[in-house]
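Undergrad:
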Amino acid sequence: MKRHLSAIGSGDSGEVTVPVLPTATLQRFRRIFAAYPELNKVVLYGSRATGKAKPRSDIDLATIGIVDDYRLGRLALDLEDMPIPQKCDLTAYESIRYAPFKRHIDNFGITIYERGDLSRFTPSA
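Using our numbering, read the sequence shown as starting at 14 and increasing by one per residue.
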């Protein structure tokens, strides 16, 4: 993953902002992600990461650390229960075999969660 939230910019406090997701959504994501100890990182990709999303565009997420289908399915169900209008699509990064897809995530993805490094992530409103 080349891009991190620091690529988006930071405010006066040094905290990084995420202009592609509402504050409440990112905070809910963090609470859910923290419940999965094997989850090391989550990267936002697709139209929301490239700035081409429409209000109802889905939220594409690549997980790093969860490769077990059952656990990935469990996480997908937890995200599905979130009170947001958008659908979340999960992909286990380690399971991606199609090189152009992996390159897209590497080049345009934005890290929105990283275990142990959450204090600097501040979502925008």
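The beta-carbon is built from N, C-alpha and C at its ideal position, and this holds for glycine as well.
At 3 residues or longer, what runs of the beta strand (DSSP E) sit wholly inside the region 66-134?
TA: Taking only runs of at least 3 residues, the beta strand (DSSP E) segments lying wholly in the region 66-134 are 72-77, 101-105 and 123-127.
Undergrad: Measuring CA to CA, which of L85, A75 and K100 is closest to I118?
TA: Among L85, A75 and K100, the Cα nearest to that of I118 belongs to A75.
Undergrad: Residues bridged to V33 by DSSP?
TA: Per DSSP, none; premise fails for V33.
Undergrad: Relative to the C-alpha of A47, which residue among D71, I123, I79 and G64 is closest?
TA: Residue I79 is the option with its Cα nearest to A47.
Undergrad: Return helix, strand or coil for L57, following the three-state DSSP convention.
TA: Looking at L57 - three-state DSSP - the assignment turns out to be strand.
Undergrad: Does the count of Cβ pairs from the region 62-76 and the region 94-113 closer than 8 Å reach three?
TA: Yes, since at least three Cβ pairs between the region 62-76 and the region 94-113 fall closer than 8 Å, the two stretches touch.
Undergrad: Which residues in the same chain have their Cβ closer than 6 Å to the Cβ of E107, if we skip the five residues on either side of it in sequence?
TA: So the list reads V80, once near-sequence residues are dropped.
Undergrad: Among I77, R128, L34 and L39, which one has its Cα closest to the Cα of K115?
TA: Among I77, R128, L34 and L39, the Cα nearest to that of K115 belongs to I77.
Undergrad: Identify, in the order they occur along the chain, each residue of the same chain with its Cβ nearer than 7 Å to the Cβ of M95, setting aside the five sequence neighbours on each side.
TA: Only R41 meet the Cβ criterion.
Undergrad: Taking just the CA atoms, how far does I125 sit from A89?
TA: Taking the straight line joining both Cα atoms gives about 16 Å.
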